[in-house]
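Trainee:
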């Protein structure tokens, strides 16, 4: 009965997304209640997080232009869903990319500091838990860093913007270090292969030289025997 009731609220929330522009405060409150129902449902049954992420309606409510308050409710719901989504779950990377793009878009278009803070936390929490989201963040690192720096958070502050910015810089440093190690490993492997090849060629050359020396000695001995036999005749 509880699941049925919460599912009805979830369906109502998705329905509201189609008429989201110009909503009055009471409907904003109703939409907030619907998003909170989704959050409660996912918290109560974390396995449903995958269903929410895979649902095309999630992308619908993310893509529809809306008020700042409703965007805030949506981002908080998305953050909870991504946090509770199992890291072992193989989620469609395209959908994660769309979620990432829409969160970035809302942070760019909505000038609300609160919404930007929540949006940064959504990306940070998702990237920490899911490698696919982390790779999306790295692939779009320059764009994200430019956006975060344009928001101009207070230097040294511990807000979500600075947290994501520092995390992104750390990821890029780690990626650069991995690349450096890969290049170094490639050079070491190349040097070792070259050494093994030269050693093999040298050993083969020595074997060939010994074979040639013995063959020449055999030819010389045979020629000597033939000459001695001719002299006896």
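Numbering (this note's numbering), first residue to last: 102 to 334. We put the CB at the ideal spot given by N, CA and C, even for glycine.
Just mark residue 208 as buried or exposed, buried being the case when its beta carbon has 16 or more other beta carbons within 10 Å.
Mentor: Along the chain shown, read from residue 1 onward, the residue named residue 208 stands at position 107. Buried: at least 16 other Cβ atoms inside 10 Å.
Trainee: What are the start and end residues of the alpha helix (DSSP H) that includes residue 165?
Mentor: Your numbering for residue 165 matches position 64 in the chain shown. Careful: residue 165 lies outside any alpha helix (DSSP H) and carries neither H nor E.
Trainee: Chain B beta carbons: is any one of them nearer than 8 angstroms to that of residue 131?
Mentor: Among the chains of the structure shown, chain B does not appear; only one protein chain is present.
Trainee: Just the C-alpha distance for residue 318 and residue 309, rounded to the nearest angstrom, thanks.
Mentor: What you label residue 318 is simply residue 217 of the chain shown in a count that begins at 1. What you label residue 309 is simply residue 208 of the chain shown in a count that begins at 1. So the two alpha carbons sit approximately 14 angstroms from each other.
Trainee: If contact is defined by three or more beta carbon pairs under 8 angstroms, each pair taking one atom from either stretch, is the region 246-253 in contact with the region 280-295?
Mentor: no
Trainee: Compute the Euclidean distance between the alpha carbons of residue 221 and residue 201, then round it to the nearest angstrom.
Mentor: Stepping through the chain shown from its first residue, residue 221 is reached at position 120. Stepping through the chain shown from its first residue, residue 201 is reached at position 100. So the two alpha carbons sit approximately 10 angstroms from each other.
Trainee: How many Å lie between residue 183 and residue 282 at the Cα?
Mentor: Position 82 of the chain shown, counted from the first residue, corresponds to residue 183. Position 181 of the chain shown, counted from the first residue, corresponds to residue 282. So the alpha carbons of these two residues sit roughly 32 angstroms apart.
Trainee: I need the straight-line Cα distance from residue 176 to residue 216, nearest angstrom please.
Mentor: For this step, residue 176 is matched to residue 75 along the chain shown. For this step, residue 216 is matched to residue 115 along the chain shown. Near 8 angstroms, if we compare the C-alpha coordinates of residue 216 and residue 176.
Trainee: Please report the residue range of the alpha helix (DSSP H) in which residue 187 lies.
Mentor: Here residue 187 is taken as the residue at index 86 of the chain shown, counted from 1. Neither: residue 187 is in no alpha helix (DSSP H) and is coded neither H nor E.
Trainee: Just tell me which of 130, 158, 127, 193 has its CA closest to the CA of residue 344.
Mentor: Any question about residue 344 goes unanswered here, given that the chain covers just 102 to 334.
Trainee: If I follow the unbroken alpha helix (DSSP H) through residue 222, where does it start and stop?
Mentor: As a working note, residue 222 is residue 121 in the chain shown. Per DSSP, residue 222 belongs to the alpha helix (DSSP H) from 214-230.
Trainee: Using C-beta distances below 6 angstroms, list every residue in its chain close to residue 330, excluding the 5 sequence neighbours before and after it, in chain order.
Mentor: In the chain shown, counting from the first residue as 1, residue 330 sits at position 229. Once the five neighbours on either side are set aside, residue 330 has no close Cβ partner at all.
Trainee: For residue 154, which residues of its own chain have a beta-carbon under 7 angstroms away from its beta-carbon, when the five flanking residues on both sides are left out?
Mentor: On the chain shown, residue 154 is found 53 positions in, with the first residue counted as 1. Same-chain partners within the cutoff: 182, 186, 192, 196.
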